[in-house]
Amino acid sequence: MDVSSQEILLDIPEQPDRQNPPRKGPPKLTAVNRQQMLMAMIYVEELIGPDHKARAIWQLVERLDLKRFRESVRTAKGCAGRPAWDPQLLVSVWVYAYSEGISSAREIEAIMEWEPGLQWLSGLEKINHHTLSDFRVDHKEALDELFAQVLAMLENAGIVNLEQVMHDGSKIRALAGADTMRRRKTLEERLKQAREVLGQMEDPQAEGSGNKRREAARQRAAREQAERLEAALQEMVALQADKTSEEEKDAVRVSVQEPEARRMKHGDNAIALSYNAQISTEESNK
């Protein structure tokens, strides 16, 4: 039968292509929302692989004699007071940080929120930079000896070669300017004022404006300022300890924004607050 000669019973309009439908407006895309907060389930053991160096450092430090560090812990079971951080953890964190070329307690605290190795070592807990710094300063001689033991173990295991160690450094300019440098007397006065302001803000019976978010922001700003001034004053005391005369001590200046920065001369003859970043490696990695 000739189909073309049959009469059309129902006129059906041409249908649009379903694979590529006509678009009447702008494309509909999924937006990225970086302001949201999520509650995530994290299995700490899976943050790093089985051969990650953080595991090796933890196991290595576990084999060391840490009795001298635990003897200085003031809190005891059954007594009042917060528990102290385990010296094994603090030592492991410092060893791991040095292996990553990090020697600043503040930088360790900052990256501990996202760096997998430090997250695994601390069990997702955040260690305050004051705790890390005080531990390093209070046990300097013992830690220097311990780090030497760790290097010796790593060499015996064939991980590093200490026959020839090469060392190099580079100057990195700080963000803070010369106008942030202050004398010790000025730091002490500003720290006193900052503590007074912080104490007034934290008074639960003080009259406030009623804006809780704004008050919280003010308290945080005051607390951070006090912490910066306290860190600058500690750095000032450490620098003055190396000076013999009162004139030399009085000439010491510290930045209230970046206390660990020092005035350095660069290749363009400019003198600016800077850091001396250093790296060491052994012969096989050159």
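The sequence shown: position 14 = 1172 (my numbering), numbered continuously.
Ideal Cβ positions, reconstructed from N, Cα and C, are used throughout, including at glycine.
Local conformation of residue i per DSSP, three classes
i	result
methionine 1339	strand
arginine 1381	helix
valine 1395	helix
aspartate 1361	Model confidence at aspartate 1361 stands at a pLDDT of 48, short of 50, so the residue's coordinates are unreliable; what they give is reported in the following sentence. Note: aspartate 1361 maps to coil in three-state DSSP.
glutamate 1406	helix
leucine 1349	helix
leucine 1387	helix
glutamate 1152	Because the chain spans 1159 through 1444 in this model, residue 1152 falls outside it and cannot be assessed.
glutamate 1165	coil
arginine 1376	helix
glycine 1366	Model confidence at glycine 1366 stands at a pLDDT of 48, short of 50, so the residue's coordinates are unreliable and nothing is read from them.
Opposing strand residues paired with residue i [DSSP bridges]
i	result
methionine 1422	Ala1430
arginine 1331	Ser1432
valine 1412	Arg1340
Residue i to residue j span [Cα, whole Å]
i	j	result
isoleucine 1429	arginine 1421	6 Å
leucine 1187	methionine 1195	21 Å
leucine 1397	lysine 1235	38 Å
lysine 1199	aspartate 1408	According to the sequence shown, residue 1199 is methionine rather than lysine. Looking at the two C-alpha atoms, the distance is approximately 53 Å.
alanine 1238	leucine 1431	44 Å
proline 1362	leucine 1247	For proline 1362, the predicted structure reports a pLDDT of 46, less than 50, and the residue's modelled location is therefore unreliable. A value from the coordinates is still provided. Those two C-alpha atoms are separated by around 36 Å.
tyrosine 1433	methionine 1311	31 Å
valine 1219	tryptophan 1272	23 Å
arginine 1372	alanine 1306	50 Å
arginine 1240	valine 1231	11 Å
alanine 1189	valine 1249	44 Å
glutamate 1382	alanine 1375	11 Å
proline 1184	proline 1171	27 Å
glycine 1259	tryptophan 1252	10 Å
tyrosine 1256	lysine 1182	58 Å
isoleucine 1330	threonine 1338	17 Å
arginine 1221	tyrosine 1254	16 Å
isoleucine 1269	isoleucine 1206	16 Å
leucine 1304	glutamate 1385	30 Å
alanine 1389	phenylalanine 1293	15 Å
isoleucine 1285	alanine 1435	23 Å
arginine 1341	glutamate 1203	48 Å
histidine 1297	aspartate 1223	14 Å
aspartate 1302	glutamate 1418	20 Å
lysine 1401	glutamate 1299	21 Å
arginine 1289	methionine 1394	Checking the displayed sequence, the identity of residue 1289 turns out to be threonine instead of arginine. When rounded, the distance between both Cα atoms is 19 Å.
alanine 1380	lysine 1343	20 Å
asparagine 1427	serine 1328	15 Å
glutamate 1283	aspartate 1209	22 Å
glutamine 1377	serine 1291	24 Å
glutamine 1193	histidine 1287	27 Å
threonine 1233	tyrosine 1201	30 Å
glutamate 1165	asparagine 1191	58 Å
Whole alpha helix (DSSP H) elements within the region 1223 to 1311, 4-residue minimum | 1225 to 1228, 1245 to 1257, 1263 to 1269, 1274 to 1280, 1287 to 1296
Would you check if there are 3 or more beta carbon pairs closer than 8 Å linking the region 1269 to 1283 to the region 1208 to 1215?
-> The region 1269 to 1283 and the region 1208 to 1215 touch, with no fewer than 3 CB-CB distances between them shorter than 8 Å.
4-residue-minimum alpha helix (DSSP H) runs that sit fully inside the region 1181 to 1229, ordered along the chain = 1211 to 1220, 1225 to 1228
Could you say if the region 1327 to 1336 and the region 1400 to 1407 meet the contact criterion of at least three C-beta pairs nearer than 8 Å?
-> no
If you pair each beta-carbon of the region 1226 to 1246 with each one of the region 1258 to 1265, do three or more pairs fall below 8 Å?
-> no
Meets three-Cβ-pair contact criterion under 8 Å: the region 1410 to 1420 and the region 1340 to 1348 = yes
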